[in-house]
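Going down the list, the protein sequences come from chains A and B. Taking the working numbering, the leading residue of the first sequence gets 26, the next gets one more, and so forth. Taking the working numbering, the leading residue of the second sequence gets 628, the next gets one more, and so forth. Where a beta carbon is used, it is the ideal one built from N, C-alpha and C, also for glycine. To start, the structure itself, in structure tokens.
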Amino acid sequence: MAINKGITRRNFLLNVAGSACGATLLGAGLSVYSRQVISMPALMIRPPGALVEEEFLGACVRCGQCVRDCPYDILHLAGLGEAVPLGSPYFVAREQPCRMCTDIPCVKACPTGALDHSLENIDDARMGLAVLVDEENCLAFRGMRCEVCFHICPLLDEAITIDLLPKTRLGKLPRFVPVVHSDACTGCGMCEGACVLQESAIKVFPRYLALGKETGQHRYDDQGEKLVNEGEADDTPFSSNPLETIKSGRRSL
Amino acid sequence: MARQAEVGAAALHSKGWLKSHQWLLLRRMCQLSILGLFLLGPIAGIWLIKGNLAASMILDTVPLSDPYLMLQVFLTGHTPELAGLLGATIVLTFYLLVSGRVFCSWVCPVNIVTDIASDLQHRLGIKARSHYSRQARYWLLGMTLILAFTTGSLLWELVNPVSIVFRGLVFGLGLGWGVIAAIFLFELLLSHRGWCGHLCPVGAFYGLIGRVSLLRVIAAKREQCNDCMDCFDVCPEPQVIRPALKGEEDQRSPVIKSGMCTNCGRCIDICSKDVFRFGVGIDKKTPH
């Protein structure tokens, strides 16, 4: 054909190889680069109903409709150069916590379900978990009746309760301290936003950072005296043969 | 070359400035109006449309979404909500009718940047070539789809200049100006229509949709062509013109059938002999 004049097989193959090579290199570079950038800083919180982060980054198309439909304008889309994956929505509780609208407009606005539409009651949201990170500076732990976080919590007396720490030694008064309950806390961040300290003593962290997790194999019995084995594993994590334990090294620990 | 400096001069002389720029003006008005509609909400509080080109909602009722992005979402293993699927179907249907790359020339904001850079390159006589094939974009398209599938994450959206620029303009640009500047300089100094014409996988995707579209540019009066080559000079995808314009002796259709034609209409503007026109691309062997 006249149109193909001048294109030899060699040139054609070189072209194809070049393009394929370029695309592969770019793809490889992009996936390595993404390892560095796809990580949420602990204090940036996803909107309510967000899927777990790995799934969220595959589902969110970064359209910003959740941002637009938030009546309190707390949500941002990450711009270029920010520490949040580009274009994805987040809020910072210390600046503007989630007000937990009962109709959850941000979730309804999401066209892909990156914010899960099965979230119908905002109290079921798990954006994160409030953690009292600094007992040294928390006014309650220093003996004052602050309790601002307790009073501002939308799930009053459920997500945060005030527990009495009894008088421990001479000269120290009983203290009334806030305790967060992970089965009720939505991670809205009202407590973090309201903490009267310059740097908040209570902070919302991603739940995977805030919560410990049992192995699921061992627990104490109801009297709290004896270790009960519920799993498939051996009675103890250690083999009866000490050599085995030495050989397996760090792996089993 | 002396001839190059006079691209469009013949059309300007015979048709006047307005007539020889009408599709270009309409296109710019269309691109800027779409951007304006999205900005009307954040600036003036009039929410006709919410979101951005990835996905949006017109008057809180009609969803629109980018089928290319929705395809990537599917590949990550996630099924979008009904609004996303419906939006992608609406957009896909629209582009199947008017040709996919109408997105590139009538909607995409990056096109304004690359067109200006390309025009300036021509005026300044900068000689730059794109040292890669026009097929490279299909490889990049494949790469973006494979990455979505293998990583389960929309990796392309971390670097996609098309979405960075539009989302930036609507939601706050920040360092996005750097991306615009980078594309401009790349198109001005380092390549000739390198991004839109060779590399952009978004354009490649919409080009594939455009293979079966109805709305086409037709070289209806190709017998009047005086071989001035102006259309080849202004066309962002000049390889698509020849089969239609010069296909008379081979009994080929005067319809530009390549999906890579962006339906920008610049060839219609620039032709002093009015060879081209828009039309419904039913396969006709002979003009008229």
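So, is residue i buried or exposed, given that buried needs 16 or more other C-beta atoms within 10 angstroms?
| i | result |
| --- | --- |
| R820/B | buried |
| E784/B | buried |
| N738/B | buried |
| W644/B | exposed |
| R116/A | The sequence given here has Phe at residue 116/A, not Arg. Burial call: buried. |
| D98/A | exposed |
| I836/B | buried |
| T703/B | buried |
| N146/A | exposed |
| K646/B | exposed |
| C163/A | buried |
| T211/A | buried |
| N853/B | exposed |
| E864/B | buried |
| G237/A | exposed |
| P72/A | buried |
| P191/A | exposed |
| E876/B | exposed |
| A226/A | buried |
| C131/A | buried |
| N266/A | exposed |
| W650/B | buried |
| L691/B | buried |
| H640/B | exposed |
May I ask you to report which of helix, strand or coil DSSP gives residue i?
| i | result |
| --- | --- |
| V749/B | Checking the displayed sequence, the identity of residue 749/B turns out to be His instead of Val. Reduced to three states, the DSSP call for H749/B is helix. |
| S732/B | helix |
| K873/B | coil |
| H101/A | strand |
| K642/B | helix |
| A671/B | helix |
| S683/B | strand |
| R630/B | Note on R630/B: pLDDT 47, under 50, position unreliable in the model; the coordinate value appears next. Helix at R630/B. |
| G906/B | strand |
| A226/A | coil |
| P267/A | helix |
| A27/A | Any reading at A27/A is ruled out, since the residue's pLDDT is 43, under 50, leaving its predicted position unreliable. |
| P114/A | strand |
| M65/A | coil |
| A45/A | helix |
| G83/A | helix |
| I147/A | helix |
| G678/B | strand |
| A235/A | helix |
| A763/B | helix |
| I70/A | strand |
| A11/A | Lying before the first or after the last residue shown, residue 11/A is absent from chain A, which here runs from 26 to 278. |
| I32/A | coil |
| A75/A | strand |
| P788/B | helix |
| S56/A | helix |
| A809/B | helix |
Residue i and residue j look like a contact to me (Cβ under 8 Å); what is the Cβ gap, rounded to whole Å?
| i | j | result |
| --- | --- | --- |
| C858/B | C888/B | With a Cβ gap of about 12 Å, C858/B and C888/B do not count as contacting. |
| L105/A | V792/B | With a Cβ gap of about 10 Å, L105/A and V792/B do not count as contacting. |
| V861/B | V634/B | 6 Å |
| F884/B | Q851/B | In the sequence under discussion, the amino acid at residue 884/B is Lys, which differs from the Phe named in the question. That belief does not hold up - the Cβ atoms of K884/B and Q851/B are roughly 21 Å apart, past 8 Å. |
| A637/B | C855/B | 6 Å |
| A744/B | F811/B | 5 Å |
| A150/A | V229/A | Wrong, their Cβ atoms sit about 12 Å apart, outside the cutoff. |
| L782/B | S56/A | 6 Å |
| F905/B | V839/B | The pair is not a contact, with the Cβ atoms about 17 Å apart (cut-off 8 Å). |
| E217/A | A118/A | 4 Å |
| F903/B | Y695/B | Contact flag wrong, Cβ pair sits at about 28 Å. |
| P828/B | L751/B | The pair is not a contact, with the Cβ atoms about 29 Å apart (cut-off 8 Å). |
Would residue i pass as an interface residue toward chain D - the criterion being a Cβ-Cβ separation below 8 Å?
| i | result |
| --- | --- |
| E80/A | Structure shown: chain D not included; protein chains present are A and B. |
Q | Contact the segment 165-179 of chain A vs the segment 134-143 of chain A: 3+ CB pairs below 8 Å | A | no
Q: Could you tell me whether the segment 756-768 of chain B touches the segment 66-77 of chain A, using the rule of 3 or more Cβ pairs below 8 Å?
A: no
Q. Where are the alpha helix (DSSP H) runs, 4 residues long or more, that stay fully inside the segment 149-212 of chain A, in chain order?
A. 173-177
(Q) Quick check for students: name the residue ranges of the alpha helix (DSSP H) that lie wholly in the segment 118-144 of chain A, counting only runs of 4 or more. (A) 130-134
Q) Would you call the segment 725-739 of chain B and the segment 657-670 of chain B in contact, with 3 or more CB pairs under 8 Å? A) yes
Q. Which full runs of the alpha helix (DSSP H) of 4+ residues lie inside the segment 814-888 of chain B, going along the chain?
A. 828-836, 857-861, 868-872
Q: Report yes or no: do three or more beta-carbon pairs, one from the segment 696-710 of chain B and one from the segment 861-873 of chain B, lie closer than 8 Å?
A: no
Q: Within the segment 685-746 of chain B, note down every full alpha helix (DSSP H) run reaching 4 residues or more, in order along the chain.
A: 694-702, 709-725
Q.
Across the segment 677-690 of chain B and the segment 86-95 of chain A, are there enough close Cβ pairs to call them in contact, namely three or more that are closer than 8 Å?
A. yes
Q. Can at least three beta-carbon pairs, one atom from the segment 51-59 of chain A and one from the segment 33-41 of chain A, be found at a separation below 8 Å?
A. no
Q) Do the segment 795-809 of chain B and the segment 754-761 of chain B make contact, defined as three or more Cβ pairs closer than 8 Å? A) no
Q.
Would you call the segment 206-218 of chain A in contact with the segment 174-186 of chain A, where contact means no fewer than 3 C-beta pairs closer than 8 Å?
A. yes
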